[in-house]
Amino acid sequence: MKIDYYLAYPGVVLPNSPLWPLKALRDKLWLLITSNESKKAELNLLFADKRLGAAKILFDNKDYETGYTTLTKAEKYLEQAGNIGSDIRAKGGDTTELSNTLVKASLKHRQIIEEIILIAPEDAKPKIVELENYAIKVYQTNLDVLKAKGLPLPENPFCCD
């Protein structure tokens, strides 16, 4: 399955590293000092993508507990990016570009989550499937924005959402 969206590289410091708290603190400070709402949405998406990539690596390395926690945070960041986009629209702002990016990103998140489900322990699979709902919601909300503007829609390989 090919989705036209590339995740940011998660870096070499992963959540199971002793240096991770410094990286997480840096990210929180970066969000705190960013006043532009569009930039804040983009940052949330960047952090979502990096954590998703990190979660995949952790699952590949059989660090399931840290991987699940990281995946949860990734999807919360994705949700926050979508929420900021909704806030911008509610204030009359144009989020066409952001919505297009979020639609593609949410499809990529679903693709990676599906890959994680294949390698996750059986007892973790139902919780991981639940996390997919964040990406589905972000996808649907932002797809509606693109539809309302009559813009071309990316192909959804997951069919009938």
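Be aware that the sequence shown starts at 1, since it is given in the UniProt record's numbering, and climbs by one per residue. Quick reminder that beta carbons are idealized off the backbone N, C-alpha and C, glycines included. These numbers come from a predicted model, not from an experiment.
With fewer than 16 other CB atoms across the displayed protein chains lying within 10 angstroms of its CB, N133 is exposed. Within the model, the alpha-carbon separation for Y5 versus Q111 is close to 11 Å. In terms of CA proximity to L29, F47 leads the group S38, S99, F47, K76. Restricted to the stretch 17-92, the alpha helix (DSSP H) segments that are unbroken, complete and at least 4 residues in length are 20-33, 37-60, 64-90, listed in chain order. A buried status is given to Y139, since no fewer than 16 other beta-carbon atoms sit within 10 Å of its beta-carbon.
In its chain, beyond the 5 residues on either side, D49, K50, L52, G53, K108, I112 have a beta carbon closer than 8 Å to the beta carbon of L7.
Inter-residue distance for R89 and T95 is about 7 Å (C-alpha atoms, whole angstroms). Here V12 is exposed: its Cβ has fewer than 16 other Cβ atoms, across all protein chains shown, within 10 Å. The closest CA to that of D60, considering only L19, L14, L43, is found on L14. Its Cα nearest to that of L151, the residue V103 stands out among K40, V103, N44, L45. In the structure shown, the three-state DSSP call for K149 is coil.
In the DSSP assignment, N156 falls outside any alpha helix (DSSP H) and carries neither an H nor an E. Here DSSP, grouped into helix, strand and coil, assigns K108 to helix.
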